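Below: the structure, in structure tokens.
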Amino acid sequence: MRPIAIPTSSRPAISLTIALWVTLTMVILASIALGYRQYWPSAIWRAIFAFDGSESAVVITTLRIPRALLAPLVGAALGVAGVLTQTLARNRIASPDTLGINAGAALAVVASSVWFGVGSIAGMSVAAISGALATSLLVFGVAASSGGFSPIRIVLVGVTVGGLGYSIVQIILTTNEAQLKELLFWLTGSFADRPISFAIGGAPVVLVGLMVAWMLAQPLDALQADDTTAANLGVPLAVVRWSGFLTVSLLTGASVCMAGPVGFVGFVVPHVARRFVGLGHRRLIITSALIGAIYATTADVLARFIIYPAEAPVGAITSTVGGTVLLILLKRRVA
Amino acid sequence: MTEATTEATATRNAVISIEELSLDYGKVNVLHSLSLTIPRGKITVLAGANGCGKSTLLRAIRRLHKPSGGRIFLEELNIHGLGEKALARKIGLLAQSPSAPEDMTVQELVRLGRYPHQTLLQPWSAGDTEAIEQAMAGTGVGDLRDRRLGSLSGGQLQRAWIAMVLAQETDIICLDEPVNHLDLAHQLECLELVHRLKEQFGRTVVLVLHDLNLAARYGDTLVFLRGGKIVATGAPADLVTEELVADVFGVQARIITDPVHGRPLCIPLRLSERQSS
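Going down the list, the protein sequences come from chains E and L. Each residue of the first sequence is one higher than the last, beginning at 1 in our numbering. Each residue of the second sequence is one higher than the last, beginning at 1001 in our numbering.
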């Protein structure tokens, strides 16, 4: 008798997950060790467990470790936000970037910091998450209005809203030169020079977002089909959509707040993850979180060497890669 | 055969009873105070001209539209009191043009049918595996399980979708124009499959078809609708008459008996002046 293939074939899934965790650990260690100056594992060990106040120990604990924690958090958040956006929009070129959600979160942060002097992490998070939520509702609302919710339409609306958001950011910035330089670097997306409190503050938000996303996995599977089919299967459409938007906003907002808008992570990662595990969201979400974390951390390490000894903003790297992938997909008409 | 006995049997075997159902889209009244019983283990075909409300009635049975009046009972239960998943375990519906990602595999699609049987803590059980294997075997898509939907022919795709609804393991299966966009051979293949859903899987099938001859051939009971009302209900032989066809479809036709299947066969002649009745 032919053995029945159990769809949740767990063995390859587990070995893939282990491989991804090992890779992630390695790139995180590389992110601590490599840069303008290289540190041996022994120096890292001493800096963490036997802090002696030496220059290397200070660099490792105050510069390298915060960004080695921030990068995977942001990558995981954006990777999963990308999966949710693509499923909710039923569109493989949707992502927090192409739907303008990144831009909306960035605008909210810039506006609240310039106009209301918001500087605390908590304040910025609230601004970023609300900005992300308002933008996703605006984009989905406009795309769904005036007849039919089409996949092309939602991206058109998203790109327009995103462009609009960044234009307003530029207007605000040109009238506030004092904060220009600091905000400009933040706006290209970077994990550098963030205090560890960013990672510590952002981690719970990201973890909550990832958990909610994972809990939505089954209805999201069904939502890949059309609305009638999903409703026929018993999916409460409105509840799932609203929870989905909230989760995307939470994840995107938190990552924008921590690192600025790091471009195209949420767009590329789901495509890569689907190649490994297919379309089922339980595995897709976990795999996208891990691949997103690896991708962002690797990009952050590369950013230190591409124009060595200077450092490139990581958002420039992820956007270059992401833009290229988008072009290839569009040419192949996969998207 | 007396009419009284047929009616009494129908009521006893009714799996769905619709009582004075009315339904509006915005201000437009689509269904008017319509009553109907759907017999268990049979194929009931809703037929009528375009815009007669047959698809709306089908979707109302699956509670995809909220009625403005009347009630629908599933056995003894009012369907409006059932939870989402509970109802999805009783009645399955395949939309007229369903869609799913082109890179989804057949097996991934069929798995979706198990959604109403799953919980967060028990995402997949041995029963789920058995259900999708049976559904794929029953619809002949087992060999296509790893194929992507975008690579299937129209007929294969329709079988994959029917497999999904079959995997849902509902007593009642509603199919909205399942043979639209299919060529003659695949129309036949699809309706033979629908017939097997009844014979082999013991399901009650409610079907919307606009082809009167296919309706007469595969339906055990026909329901003729016109302008959101039921004009007539009964066995094909009693229903497909020259008068009713003229009344419901606005076509003058000759009705003969199909020499192969013994079902009525309608030969349309010309448009008729529709009589108001």
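All C-beta atoms, glycine included, are put in the ideal place defined by N, C-alpha and C. Computed from a predicted model, the values in this text were never measured in an experiment.
Check: Cα-Cα separation, G158(E) to Q218(E); Outcome: 26 Å
Check: Proximal residues of chain L, C-beta to C-beta of A225(E) below 7 Å; Outcome: P1098, S1099, A1100, L1112
Check: First through last residue of the beta strand (DSSP E) which encompasses F191(E); Outcome: Counting along the chain, F191(E) falls outside any beta strand (DSSP E), and DSSP gives it neither H nor E.
Check: Beta-carbon separation (whole angstroms), L1031(L) vs G1228(L), contact threshold 8 Å; Outcome: 5 Å
Check: Cβ-based neighbour list, D227(E), same chain, cut-off 8 Å, excluding 5 preceding and 5 following; Outcome: L237
Check: Simplified DSSP state of Y1218(L), which is helix, strand or coil; Outcome: helix
Check: Cβ-based neighbour list, R64(E), same chain, cut-off 6 Å, excluding 5 preceding and 5 following; Outcome: I32
Check: Residue-chain proximity (V1015(L), chain E), Cβ-Cβ < 8 Å; Outcome: no
Check: Alpha carbon of N91(E) to alpha carbon of E1189(L), nearest angstrom; Outcome: 32 Å
Check: Within chain L, partners of M215(E) - CB distance below 8 Å; Outcome: L1120
Check: Within chain E, the residues that R1071(L) reaches when beta carbons sit closer than 7 Å; Outcome: Ordered by position in chain E, no residue passes the 7 Å Cβ test against R1071(L), which lies about 20 Å from the chain.
Check: Residue nearest to K1027(L) in terms of C-alpha spacing, selected from A1047(L), P1067(L), T1170(L), S1035(L); Outcome: P1067(L)
Check: Cα-Cα separation, P151(E) to A230(E); Outcome: 17 Å
Check: Selection from L1036(L), S1035(L), E1242(L) that minimises the alpha carbon distance to C1266(L); Outcome: E1242(L)
Check: Residue-chain proximity (L88(E), chain L), Cβ-Cβ < 8 Å; Outcome: no
Check: Beta carbon of V1251(L) nearer than 8 Å to that of P1268(L); Outcome: yes
Check: Presumed contact (8 Å Cβ cut-off) between L1021(L) and I1072(L), rounded CB distance; Outcome: 7 Å
Check: Residues that C1266(L) bridges to, as DSSP identifies them; Outcome: I1255(L)
Check: CA-to-CA distance, V212(E) to L1121(L), given in whole angstroms; Outcome: 14 Å
Check: T8(E) (DSSP reduced to helix, strand or coil); Outcome: In this prediction, T8(E) scores a pLDDT of 48, lower than 50, which makes its location untrustworthy; no coordinate-derived value is stated.
Check: Coarse secondary structure for P1039(L), derived from DSSP in three states; Outcome: strand
Check: Contacts around E1169(L), its chain only, beta-carbon distance under 6 Å, and the 5 residues preceding and following it disregarded; Outcome: A1131
Check: CB of P309(E) within 8 Å of CB of I196(E), strictly; Outcome: no
Check: V262(E) versus V208(E), G100(E), V314(E), A199(E), residue with shortest Cα-Cα distance; Outcome: V314(E)
Check: Contacts of T85(E) in chain L (Cβ-Cβ under 8 Å); Outcome: Those within 8 Å of T85(E) in chain L number zero; the least Cβ separation is about 14 Å.
Check: Buried versus exposed call for P1259(L) [16 or more other C-beta atoms within 10 Å across all chains shown]; Outcome: exposed
Check: Validate contact between the segment 1169-1178 of chain L and the segment 1138-1146 of chain L using beta carbons, cut 8 Å, 3 pairs; Outcome: no
Check: Whole-Å CB distance - T252(E) paired with A89(E), under 8 Å assumed; Outcome: That pair is no contact at about 14 Å.
Check: Contacting positions in the segment 1078-1094 of chain L - beta carbon closer than 9 Å to chain E; Outcome: G1083, E1084, K1085, A1086, L1087, A1088, R1089, I1091, G1092, L1093, L1094
Check: Neighbourhood of A1167(L) by C-beta, 7 Å cutoff - its chain only, sequence neighbours within 5 removed; Outcome: V1110, G1113, R1114, A1131, I1132, A1135
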